[in-house]
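Colleague: The following block contains the structure, expressed as structure tokens.
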Ligand code: GCU
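Residue numbers (this note's numbering): 404 to 818.
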């Protein structure tokens, strides 16, 4: 690669991650900063499940993500096996056309139809299924010619300089995970592109989210896209559970960055989700709001007003006053396994804030008698721990060494 290209890529890398200064910094590998507050404590599992957890779910909706629908129904419009022997014969590829009806108060809203594609290991109906939302459309996540796509659809992996720069900057797996490697290892992959029903754009996103939640009770915050995408993960479980050809009992949400936020939220609200891989989920994900490095509440709510409830923006500069913090989101997932993926130079997503959140969530894992966080430094990764914190060198993205680590974690918990 010519020098000028290297410089162009490096510049775009820094600019795109919105963090020129932060990307040049390094996360300290020792825990750094104050303890998570308020503490996630409960005396008994019963007390936690009956009192603390419901109150926290309400508080997260009120102060961070906005409210999920009062009720919803999913309709499976069609289901088609696209290829019995995809990816060199290892995967069966199935496509579902879905549509959801949701209700806030008395107002019923219908989403546009959207698709889910599933690559599942041939001959293994019970394989755990990784539910994925990625930056790129479904046809990039599961690159198979039979996957439906709108006419003239764009995408990330169509070749050309844009796709090469993206891969160069954000890693080889940013657009397309190693589907064959994952399926051969015994896991299915299901994917939706959540922008099909909740667009990741300020104007269109806000318009769609506001329209969907028109009937919300006065005084409650409308949901943001992160909550809508989290709900999307639950829709995926609904669709898979209704399919007689799938007998899995393990659903793991996977998301990088913004979708790491939705992957965590989905598990905190939906107990059918058995585990989470949240890679570089940052602010609004695993990293604490209080005393943070990297992206502040002010920065995230200014750049992405459609991701959260309006109430979250009101805590900009007053994070200490928030009645909840992100360690409590992790605690809501206990005792289910969570992998928190991080990178040393991805200080924008604040690895240390995520580590302190894991320390803060640990007492609830212990309450369940599970090994929560089993490391005292950021670089003592234990894939078998239920709160598993992984940090690698490098920056924001999904790179060569990430998927092997994700699979090691999954094998430790779901094999
Ligand atoms: C931006 C944003 C982060 C987000 C990231 C991503 O950098 O500030 O909060 O996680 O985009 O989704 O890649």
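All C-beta atoms, glycine included, are put in the ideal place defined by N, C-alpha and C. Just so we're clear, the structure is a prediction, and the values are computed from it rather than from any experiment.
Note the first and the last residue of the continuous alpha helix (DSSP H) segment covering residue 571.
Modeller: 563-573
Colleague: To the nearest whole angstrom, what separates the beta carbons of residue 480 and residue 501, a pair I think is in contact under 8 Å?
Modeller: Right, their Cβ atoms sit about 7 Å apart.
Colleague: Take the Cβ of residue 429 as the centre, count every other Cβ of all protein chains shown within 10 Å, and call the residue buried at 16 or more, exposed below.
Modeller: exposed
Colleague: Pull up the CB-CB distance for residue 744 and residue 816, whole angstroms please, since I reckon it's below 8 Å.
Modeller: Rounded, the Cβ-Cβ distance is 15 Å, inconsistent with contact.
Colleague: Does the distance from the CB of residue 662 to the CB of residue 467 come in under 7 Å?
Modeller: no
Colleague: Just reading off the alpha helix (DSSP H) that residue 731 is part of, what are its end residues?
Modeller: 729-734
Colleague: From what residue to what residue does the alpha helix (DSSP H) around residue 491 run?
Modeller: 489-492
Colleague: Quick one: give me the first and last residue of the beta strand (DSSP E) that residue 692 is part of.
Modeller: Looking at the DSSP string, residue 692 is not in any beta strand (DSSP E), and its letter there is neither H nor E.
Colleague: Return helix, strand or coil for residue 778, following the three-state DSSP convention.
Modeller: coil
Colleague: DSSP state of residue 459, grouped into three classes?
Modeller: helix
Colleague: Check for me: the beta strand (DSSP E) holding residue 795 runs from which residue to which?
Modeller: 790-795
Colleague: Pick out the complete beta strand (DSSP E) segments inside the segment 628-701, 3 residues or longer, and give them in chain order.
Modeller: 654-659 and 678-682
Colleague: What separation, rounded to the nearest whole angstrom, lies between the Cα atoms of residue 625 and residue 487?
Modeller: For the pair residue 625 and residue 487, the Cα-to-Cα distance works out to about 42 Å.
Colleague: Helix, strand or coil for residue 486? Go by DSSP, reduced to three states.
Modeller: Of the three classes helix, strand and coil, the one that applies to residue 486 here is strand, per DSSP.
Colleague: Determine, for residue 730, whether the minimum Cβ-Cβ distance to residues of chain E falls below 7 Å.
Modeller: Here chain E cannot be found, since the structure has a single protein chain.
Colleague: Could you give the DSSP three-state label for residue 619: helix, strand or coil?
Modeller: coil
Colleague: Ordered along the chain, which non-local residues of its own chain (more than five positions away) have a Cβ less than 8 Å from that of residue 543?
Modeller: Within the same chain, Cβ atoms closer than 8 Å to the Cβ of residue 543 are found at 537, 558, 559, 560, 578 and 579, the five residues on either side in sequence being excluded.
Colleague: In the DSSP assignment, find the unbroken beta strand (DSSP E) run with residue 714 in it and report its ends.
Modeller: That residue, residue 714, is in no beta strand (DSSP E); its alpha helix (DSSP H) goes 713-716.
Colleague: If distances are taken between C-alpha atoms only, which option among 438, 454, 437 and 700 comes closest to residue 445?
Modeller: 454
Colleague: The beta strand (DSSP E) spanning residue 743 covers which residue range?
Modeller: 741-746
Colleague: Assign residue 820 to buried or exposed, taking buried as 16 or more other Cβ atoms, counted over all protein chains shown, within 10 Å of its Cβ.
Modeller: Residue 820 cannot be examined here, being either before or after the span of the chain that is shown, 404 to 818.
Colleague: Can you find at least 3 beta carbon pairs, one from the segment 611-624 and one from the segment 637-648, that sit closer than 8 Å?
Modeller: no
Colleague: Less than 7 Å between C-beta atoms, sequence neighbours within five positions excluded: which residues of the same chain meet that for residue 583?
Modeller: Shown here for residue 583: same chain residues with a beta carbon closer than 7 Å to its own, the five before and five after excluded, namely 490, 491 and 493 in chain order.
Colleague: So residue 600 is in the beta strand (DSSP E); what residue range does that whole segment cover?
Modeller: The continuous stretches of beta strand (DSSP E) do not include residue 600, and DSSP gives it neither H nor E.
Colleague: Could you name the residues that DSSP lists as bridge partners for residue 512?
Modeller: 505
Colleague: With respect to 6 Å, is the separation between the Cβ of residue 836 and the closest non-hydrogen atom of ligand 1 below this value?
Modeller: This structure gives no information on residue 836, because the portion of the chain shown stretches from 404 to 818.
Colleague: Secondary structure at residue 816, three-state DSSP: helix, strand or coil?
Modeller: helix
Colleague: Counting only the same chain and skipping the five closest in sequence on each side, list residues whose C-beta sits under 8 Å from that of residue 641.
Modeller: The beta carbon of residue 641 sits closer than 8 Å to the beta carbons of 477 from its chain, once the five residues preceding and following it are set aside; these are given in chain order.
Colleague: Evaluate the contact criterion for the segment 651-661 versus the segment 714-733: three or more CB pairs, one atom per stretch, below 8 Å.
Modeller: no
Colleague: Report the rounded CA-to-CA distance for residue 424 versus residue 461, giving the unit in angstroms.
Modeller: Confidence at residue 424 is low in this model, with a pLDDT of 49, below 50, so the placement of that residue should be treated as unreliable; the coordinate-derived value is given next. Distance between the alpha carbons of residue 424 and residue 461: 36 Å.
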